[in-house]
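All residue numbers for the sequence shown refer to the working numbering, where the first residue is 349 and numbers rise by one.
For glycine and all other residues, C-beta sits at the position ideal for the given N, C-alpha and C.
Nothing here was measured: the structure is a model prediction, and the numbers come from that model.
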Amino acid sequence: MDDIEGGVLLIGATMIILPAFAVTVLAVMLIYRKRRLQHLSEIGLMNKKFHTDLLQTRLDVQQRTLEYIGNEIHDFVGNRLSLALIYTQSIPEDQGDVRDQIENVIHEALATVKSLSKLKLESVDGDLEDLIRNEVDKLRVIGHLTIRFESSLEGLKCSSAVINYFVLRILQEFLHNSITHSSCSQINMHLKEYQDCVELYAEDDGIGFLLNEKRNDLRKGIGLNTMKKRAELINARFELVSAPGRGTSMRLSIPEKQLKV
């Protein structure tokens, strides 16, 4: 009888302990999962901050480099030209016409040096849509080229100076290649929201080319590689499509979370 009662007690105790143990294990797993998700979220925020700081550092380095080059142009080339202008005073008076011509050339060179010494990154503050429209307006002076731009962002604003900088440089490179190399007569562009991304699409009706063909045009090849690298820097997806006789198109997809970087 005692054995039966002991067995019953053991079974009862087991039925109580096992659920309690299961609940404890489940609670521990939930706590672990919550902490793991929190940890991953913190890592994500740290990576985002690191990526943002890296982009800003690149822009700062570019700006300092341009300022250094500008100062060197002003201090060395400007001073040499000023000295040359003084030397022209020693030219005999009977060669006044020659002296005037030399002085005019030097004055033009000094004006150019003064302009170049103010090198700096173009301001990219403002809304991306407005910046693209300004870029389009600059190109509309080309008489033989029709360029269209539409936007359907429906109130979404893209005002990150860092993102604006890289997107504009990618677009400018595409437009430059289209105008210079494709013999196109029309360029269409569209800015829209698509699957949690802001998508910039551009296409021309030019002669196109084979993407996998080794390019003799080194400048253009470098430009295409630069577009890809700039897209990678802002975690954007870049796609270029082209074929002989079918024009060239570009698609740049920027995750919406990047727009506030």
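With DSSP run on the structure shown, which of helix, strand or coil describes residue i?
i	result
D473	coil
Y549	strand
N536	strand
S531	coil
E541	strand
P592	coil
S507	coil
F557	coil
E587	strand
R381	helix
L519	helix
V489	coil
A375	helix
L429	helix
Around the C-beta of residue i, are 16 or more other C-beta atoms found within 10 angstroms, so that it is buried, or is it exposed?
i	result
N564	Per-residue confidence for N564 stands at a pLDDT of 44, beneath the threshold of 50, marking its modelled position as unreliable; the derived number appears in the next sentence. Counting Cβ neighbours within 10 Å, N564 comes out exposed, since fewer than 16 surround it.
A368	exposed
R578	buried
T528	exposed
Q443	exposed
N560	exposed
V385	Rather than Val, the amino acid found at residue 385 in this sequence is Leu. Answer is exposed; the Cβ neighbour count stays below 16.
K531	Per the sequence shown, the amino acid found at residue 531 is Ser instead of Lys. S531 comes out exposed.
Y513	buried
G595	buried
I365	exposed
N500	As written in the sequence, residue 500 is Ser, which differs from the Asn given in the question. It is exposed - the Cβ of S500 has fewer than 16 other Cβ atoms within 10 Å.
L378	exposed
L566	Caution applies to L566, whose pLDDT of 43 falls short of 50 and renders its modelled position unreliable; the model cannot decide the point.
M575	buried
L539	buried
S590	buried
L402	exposed
G554	buried
L519	buried
Leaving out the 5 sequence neighbours to the left and right, which residues in its chain are closer than 6 Å to residue i when beta-carbon positions are compared?
i	result
A550	F522, M537 and M598
V489	none
T494	Q534
T372	none
E547	K540 and S601
D552	S526, S530, C532, I535, G595 and T596
Taking Cβ positions, are residue i and residue j nearer each other than 9 Å?
i	j	result
L458	S438	no
D473	A509	yes
L433	I454	yes
L600	A584	yes
E604	E502	no
D485	S507	no
According to DSSP, residue i sits in a beta bridge with which residue or residues?
i	result
P603	C545
R496	N536
M598	A550 and L588
Any beta carbon from chain C within less than 9 Å of residue i's own beta carbon?
i	result
I365	The structure shown contains no chain C, having only a single protein chain.
Please return the same chain residues whose Cβ sits closer than 7 Å to the Cβ of residue i, not counting the five positions on each side in sequence.
i	result
Q449	none
R517	R578
M394	none
R447	T436 and I439
E441	none
Let me check you understand the geometry: is the CB of residue i closer than 8 Å to at least one non-hydrogen atom of the ligand ATP?
i	result
K540	Absent from the structure shown: the ligand ATP. Ligands present: none.
Using a Cβ-Cβ cutoff of less than 8 Å, which residues in the same chain neighbour residue i once the five nearest sequence positions on both sides are dropped?
i	result
Q606	S508, I511, I582, N583 and A584
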